[in-house]
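Enquirer:
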Amino acid sequence: MDRPSDKNAYHADHTALLLRCYEERIGEPLIASDDPKGVYEAPFAILSHDTSTDPILTYGNLASQRLWNISWEELTQMPSRLTAEPGHRDQRAAMFEEMRETGAIRNYEGVRIAKSGQRFRIRNATIWTLTDQTGKKVGEAATFKEYTLL
Numbered sequence: 006m007d008r009p010s011d012k013n014a015y016h017a018d019h020t021a022l023l024l025r026c027y028e029e030r031i032g033e034p035l036i037a038s039d040d041p042k043g044v045y046e047a048p049f050a051i052l053s054h055d056t057s058t059d060p061i062l063t064y065g066n067l068a069s070q071r072l073w074n075i076s077w078e079e080l081t082q083m084p085s086r087l088t089a090e091p092g093h094r095d096q097r098a099a100m101f102e103e104m105r106e107t108g109a110i111r112n113y114e115g116v117r118i119a120k121s122g123q124r125f126r127i128r129n130a131t132i133w134t135l136t137d138q139t140g141k142k143v144g145e146a147a148t149f150k151e152y153t154l155l
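Counted the way our numbering counts, the sequence shown spans residues 6 to 155.
Structure below.
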C-alpha cells in the first residue's frame with residue numbers, strides 16, 4: 006500500500022473503516038471530521054494491523070511515523086508486535102486478548118520502542134476491533150495522544 010496522499014485519496018476506504026469502527030465501539034467520533042487527510046495528519050497516533058498470525062501494520066498516520074521514527078513503507082511491512090520491546094510484548098498480548106472479548110478497551114498504558122531505540126510510555130490509549138460491513142474481523146487499531154519519552 007502506497008503512502009497516503011492525494012493520489013490515493015489518503016486511503017479513504019481504510020480511513021472510513023477506522024472511523025466507523027471506532028465510533029461503533031467507543032460511541033464517539035475519533036476526530037471531528039471524516040476527512041482521510043485529516044486522519045493522516047492528526048496530531049496524535051492512529052495505527053492499525055491486519056488479522057494475520059503475526060499481524061502486520063496496515064496504517065500509521067504521520068504522528069505514528071514520527072513517534073516510531075519510521076517511514077510509511079517500513080511501517081506497513083512491520084509486524085505490530087515489534088512496536089514493543091520483547092520484555093513488554095506479553096503485556097501487549099494480554100491487552101489484545103482483553104480487547105478481543107469486548108471489541109474495545111480504553112485507558113491502556115504500555116512501553117513502546119521506536120526504530121531509533123527511543124523508548125516511550127503511552128497512556129490512555131484506546132484499542133478497538135476493525136470489522137467490515139458484514140461484521141467480519143479485518144484488523145485491530147489503536148490511538149493515543151499521551152506519551153512520555155523514557
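All C-beta atoms in this analysis are idealised placements derived from N, C-alpha and C, irrespective of residue type, glycine included.
No experiment lies behind these values; they were computed from the predicted model shown.
1. Less than 7 Å between the CB of Y45 and some heavy atom of the ligand NAP, yes or no?
2. Output the distance between the C-alpha atoms of G122 and T81, rounded to the nearest integer angstrom.
3. Using only CA atoms, which one of Y113, F101, G144, S38 lies nearest to Y152?
4. With a cut-off of 8 Å, do at least 3 Cβ pairs link the stretch 127 to 142 to the stretch 102 to 109?
5. Tell me where the beta strand (DSSP E) around I127 begins and ends.
6. For A109, name the three-state secondary structure that DSSP assigns.
7. Reducing DSSP to helix, strand and coil, say where I51 ends up.
8. Would you call the stretch 16 to 24 and the stretch 46 to 64 in contact, with 3 or more CB pairs under 8 Å?
9. Hey, how far is the Cα of E102 from the Cα of L35?
10. Measuring CB to CB, does L62 end up less than 8 Å from S85?
11. Return the chain-ordered list of same chain residues with a C-beta closer than 6 Å to the C-beta of G65, the five sequence neighbours on each side being excluded.
12. Which residue or residues does DSSP assign as beta-bridge partners of L72?
Expert: This is what the structure holds:
1. This structure simply doesn't include the ligand NAP, nor any ligand for that matter.
2. Your numbering for residue 122 matches position 117 in the sequence shown. Your numbering for residue 81 matches position 76 in the sequence shown. The alpha-carbon atoms of G122 and T81 are separated by roughly 19 Å.
3. Numbered from its first residue, the sequence shown carries residue 152 at position 147. The residue with the shortest Cα to Cα distance from Y152 is Y113.
4. By the C-beta criterion, the stretch 127 to 142 is judged to be in contact with the stretch 102 to 109, since at least 3 inter-stretch pairs fall below 8 Å.
5. Locating residue 127 in the sequence shown gives position 122, counting from the first residue. Counting along the chain, the beta strand (DSSP E) containing I127 begins and ends at 124 to 136.
6. Mapped onto the sequence shown, residue 109 falls at position 104. In the structure shown, A109 adopts extended strand secondary structure according to DSSP, grouped into three states.
7. One-based indexing of the sequence shown puts residue 51 at position 46. Here DSSP, grouped into helix, strand and coil, assigns I51 to strand.
8. Flag = yes, the stretch 16 to 24 and the stretch 46 to 64 touch.
9. Here residue 102 refers to the residue found at position 97 of the sequence shown. Here residue 35 refers to the residue found at position 30 of the sequence shown. In a straight line, the C-alpha of E102 is about 22 Å away from that of L35.
10. Numbered from 1 along the sequence shown, position 57 holds the residue referred to as residue 62. Numbered from 1 along the sequence shown, position 80 holds the residue referred to as residue 85. Yes, the Cβ-Cβ distance between L62 and S85 is below 8 Å.
11. As a first step, residue 65 is located in the sequence shown; it is residue number 60 there, counting from the start. The residues L52, L80, in chain order, have a CB closer than 6 Å to that of G65 in the same chain once the five nearest residues on each side in sequence are set aside.
12. Residue 72 sits at position 67 when you count from the first residue of the sequence shown. Residue pairing from DSSP leaves L72 without any beta-bridge partner.
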